[in-house]
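Going letter by letter, the sequence shown gives residues 1 to 568 in full-length UniProt numbering.
Just so it is clear, CB atoms sit at the ideal spot from N, CA and C, and this is done for glycine as well.
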Amino acid sequence: MIELNKITTVKTTAARIGHKVSDRAVFSVAILVASLSLTHAQAGYLTIGSQALRDTTDIMQQALVPSSDLPFDFGMTGSSSGQSLQTAQLATNGETAGEDPSSKATPETNGTNADGIEGSSSEAMPSSLTNPVLPNVPSTIKQSDIVEPPVTTEQKEQITTAPLVEKSTPAVKNTAPIRPGPALRKGFSALFTEQRPFLLYSQDASITYLMPNALVDHPSLGRYLRGILEERALTRWQEIRTNGVEIEGLKSSDSNERPPLVITGRVEDRFYSPAFSSLYLEEKYSIGDKKYPDRILSFNFSHGDQKPFGLSDLFKSDGDKTLGATIELIAAYIQADIVRQKTVKFGTPITPDQDSWLKGLKPSVLLFGTFTLVPSRETGKIAGLSFHFNPGLLGAEADGSYNVFVPASIFSPALSPRFADSFGGDALTASRHNAKGFSTASVNIERLKANSELGGNMLIEGEVPGNWCDGFHLTLNDVTSGQIVTEGLVQMLPELPSYGLSGNMIRFRAELSVSGAGGKDGKLVFEPFSVAVHEGRVAPRVGSVCQEDRSISLPDPARDMISIPVTY
Numbered sequence: 001m002i003e004l005n006k007i008t009t010v011k012t013t014a015a016r017i018g019h020k021v022s023d024r025a026v027f028s029v030a031i032l033v034a035s036l037s038l039t040h041a042q043a044g045y046l047t048i049g050s051q052a053l054r055d056t057t058d059i060m061q062q063a064l065v066p067s068s069d070l071p072f073d074f075g076m077t078g079s080s081s082g083q084s085l086q087t088a089q090l091a092t093n094g095e096t097a098g099e100d101p102s103s104k105a106t107p108e109t110n111g112t113n114a115d116g117i118e119g120s121s122s123e124a125m126p127s128s129l130t131n132p133v134l135p136n137v138p139s140t141i142k143q144s145d146i147v148e149p150p151v152t153t154e155q156k157e158q159i160t161t162a163p164l165v166e167k168s169t170p171a172v173k174n175t176a177p178i179r180p181g182p183a184l185r186k187g188f189s190a191l192f193t194e195q196r197p198f199l200l201y202s203q204d205a206s207i208t209y210l211m212p213n214a215l216v217d218h219p220s221l222g223r224y225l226r227g228i229l230e231e232r233a234l235t236r237w238q239e240i241r242t243n244g245v246e247i248e249g250l251k252s253s254d255s256n257e258r259p260p261l262v263i264t265g266r267v268e269d270r271f272y273s274p275a276f277s278s279l280y281l282e283e284k285y286s287i288g289d290k291k292y293p294d295r296i297l298s299f300n301f302s303h304g305d306q307k308p309f310g311l312s313d314l315f316k317s318d319g320d321k322t323l324g325a326t327i328e329l330i331a332a333y334i335q336a337d338i339v340r341q342k343t344v345k346f347g348t349p350i351t352p353d354q355d356s357w358l359k360g361l362k363p364s365v366l367l368f369g370t371f372t373l374v375p376s377r378e379t380g381k382i383a384g385l386s387f388h389f390n391p392g393l394l395g396a397e398a399d400g401s402y403n404v405f406v407p408a409s410i411f412s413p414a415l416s417p418r419f420a421d422s423f424g425g426d427a428l429t430a431s432r433h434n435a436k437g438f439s440t441a442s443v444n445i446e447r448l449k450a451n452s453e454l455g456g457n458m459l460i461e462g463e464v465p466g467n468w469c470d471g472f473h474l475t476l477n478d479v480t481s482g483q484i485v486t487e488g489l490v491q492m493l494p495e496l497p498s499y500g501l502s503g504n505m506i507r508f509r510a511e512l513s514v515s516g517a518g519g520k521d522g523k524l525v526f527e528p529f530s531v532a533v534h535e536g537r538v539a540p541r542v543g544s545v546c547q548e549d550r551s552i553s554l555p556d557p558a559r560d561m562i563s564i565p566v567t568y
């Protein structure tokens, strides 16, 4: 944890020797001091971010530079409603009013090779927290200070299904030791891969962002995203520490309770291809007992150019008139869809003239700046754009956010040559379901949403995380009794292309037979198998589809389990 007493100590020490210390540098020092005092198991939860320095000496030197020489600005970045929020939405997507986004420098590269992974193979990282502990993994903590758990190479007996058997039934080993499995990822494992969460925790603030799959294969995207989230976290933290109204609440708060400022968010993959990634973030924001409306952000990134792109890049911009005509066309489609959504939501037919938000709608790149790419049924293609509107933009804040899908056929003639060939086909219809807590695991399922009714002989198709390649359980559980009602027969299909929602996924098909009168509450549970490890490599099961030449992170059955509410 990053505690205030550590931060105060750093500032006091610097003051004694006549130096001013910036809050940003103190933040980096505090993270290092905190991380060095953590236990081996706790250290993995801290991430310094793209601006962190390499070691203690460099950090202290940076911290003691006169504050006037440090290029950090803790100004406000946006608002939850009105024009300020529109500007914040646009800034997140790499656009500002009156400025061509393509001319902006890419923030994450900082003059370095954007293809290179941060640091080098000789850099220190917390050792892997898998069981058994892997040898020869670099660590920032001195080896003499680490109490390692005992290393065992004994193969644990694995169970391929979720059986209801008597305790006396002997377990059967189901591994294939003759075939070497993939190596475990050197570095963080499971939570602690490139997807490790961004976490800022102090006495007065807790800010957490879970990261998407796209970061695993694209370090330049990781630097870009972490840079933005670090700035947001530091800005929010600075706001509450300098806000006089909130300070009174901080003085009276119990230090044993959770911090007053709490921001949580999961950055989701919405589109993935070798050329582009599209990410979606919904922040939940509260101060004390007061909850604020969720904030929606999007990040669209070109892997070829290694920089973000926005609407001004997508469409032809021979002049403001050309781009303006495209925006007006999209606005007309969005307005009609919002009218339909409000009619369904409130049960009363409305017209744009009856709705003050729609009547005063002024189409602009600012207003439509928060969007994500929608995958097509044609592999690698984009079917259209999904536009996201924060609460308070197109309706009352209590109405929540609005989302509108605009198919590519509406605007395809206006696409710039650079993007035109990437669009085409019908939109994919699949629902995403996420694990709870500190897990980035998710499954994408076709034609099956939350609260669907199951019955008869069913065929379920979808995709699961790539590190579930050794297999997973699919069961229907009764909510009341907790018992397993039925178990699916799962077939992994690695030869099929992924849906394009996110990278590093494996397709599957499962047969599930469900009987009953209906109306009972249940949950469809996806649980990865425990993976056996032998001498630093996976000992795959019979039928495993893990690739020997691709290192993986170990799944955690308890943490990565995904549950979908259903009736049966």
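Less than 7 angstroms separating the beta-carbons of C546 and D426? no
Between F301 and the rest of its own chain, which residues show a CB-CB distance below 6 angstroms, the 5 nearest in sequence each way excluded? L221, S277, P308
Buried or exposed (CB count within 10 angstroms, at least 16 for buried), P413: exposed
Check whether the Cβ atoms of S439 and R559 sit closer than 7 angstroms, and answer yes or no. yes
Do N457 and K523 have their CB atoms nearer than 7 angstroms? No, Cβ-Cβ distance for N457 and K523 is not below 7 angstroms.
With a threshold of 6 angstroms on Cβ separation, who are the neighbours of L281 within its own chain once the five nearest residues in sequence on each side are excluded? G265, V267, L297
Could you tell me which uninterrupted beta strand (DSSP E) segments, each at least 3 residues in length, are contained entirely in the segment 520-547, listed from first to last along the chain? 521-528
Quick check on the burial criterion: 16 or more other C-beta atoms within 10 angstroms. Buried or exposed for L199? It is buried - the Cβ of L199 has at least 16 other Cβ atoms within 10 Å.
Measure the alpha-carbon distance for D399 versus S530 and round it to whole angstroms. 43 angstroms
Pull up the distance between the alpha-carbon of M76 and that of S202, whole angstroms please. Residue confidence for M76 is low, a pLDDT of 32 falling below 50, so the modelled location carries little weight; the figure read from the coordinates is stated next. Roughly 20 angstroms between the two C-alpha positions.
What number of angstroms, rounded off, separates the C-alpha of R447 from the C-alpha of T242? 49 angstroms
Just to confirm my understanding: we take H433, look at its own chain, exclude 5 residues before and 5 after, and list those with CB closer than 6 angstroms. What are they? V443, I562, I564
Could you tell me if V344 is buried or exposed, where buried requires 16 or more neighbouring beta carbons within 10 angstroms of its beta carbon? exposed
For A325, the nearest candidate out of I338, L311, R509, S401 (CA to CA): L311
Using the beta-carbon count (16 or more within 10 Å), is G503 buried or exposed? By the 10 Å Cβ count, G503 comes out buried.
Do V406 and Y499 come within 7 angstroms of each other at the CB atom, strictly closer than that value? no
For K381, which option in R236, P197, A532, L501 has the closest C-alpha, if you only look at C-alpha atoms? L501
Note down the Cα distance separating A336 from P540, rounded to an integer number of angstroms. 53 angstroms
In the DSSP assignment, what residue or residues form a beta bridge with E463? N444, R507
When the Cα atoms are used, what is the spatial distance from D305 to L279? 17 angstroms
Top-ranked residue by Cα proximity to A275, from M505, L373, D353: L373
Neighbourhood of V339 by C-beta distance below 8 angstroms, restricted to the same chain and skipping five residues each side: In the same chain as V339, and ignoring 5 residues on each side of it, the C-beta atoms closer than 8 angstroms to its own belong to I350, T351, P352, D355, L358, in chain order.
Which same chain residues end up closer than 6 angstroms to V566 when comparing Cβ atoms and leaving out the 5 residues on each side of it in sequence? When the five nearest sequence neighbours on each side are left out, the beta carbons in the same chain lying within less than 6 angstroms of the beta carbon of V566 are those of S452, L454, G522, L524, in order along the chain.
Round the Cβ separation of T486 and V514 to the nearest angstrom and send it over; I've been treating them as touching at under 8 angstroms. 6 angstroms
Determine the extent of the alpha helix (DSSP H) in which E230 is found, giving its start and end residues. 219-242
Nearest by alpha-carbon distance to P494: which of R507, G482, F419 is it? R507
What are the partner residues of L512, as DSSP defines its beta bridges? M458
Give the DSSP-derived three-state secondary structure of G384 in the structure shown. strand
Expected contact under 8 angstroms - CB spacing of L474 and A510 to nearest Å: L474 to A510, Cβ: 5 angstroms. Contact.
What residue from V533, G516, Q341 has the CA that sits closest to N403's CA? Q341
Look at G482 and L512 and say whether their C-beta atoms are less than 7 angstroms apart. no
Nearest-angstrom Cα distance between H388 and R270? 12 angstroms
So what does DSSP say about S452, is it helix, strand or coil? strand
Report the option in Q238, K520, K321 whose CA atom is closest to the CA atom of V479. K520
If you draw a straight line from the alpha carbon of L210 to that of Y224, how long is it in whole angstroms? 15 angstroms
Give a yes or no on whether the C-beta atoms belonging to E527 and P557 are separated by under 7 angstroms. Taking C-beta atoms as the reference points, E527 and P557 count as a pair closer than 7 angstroms.
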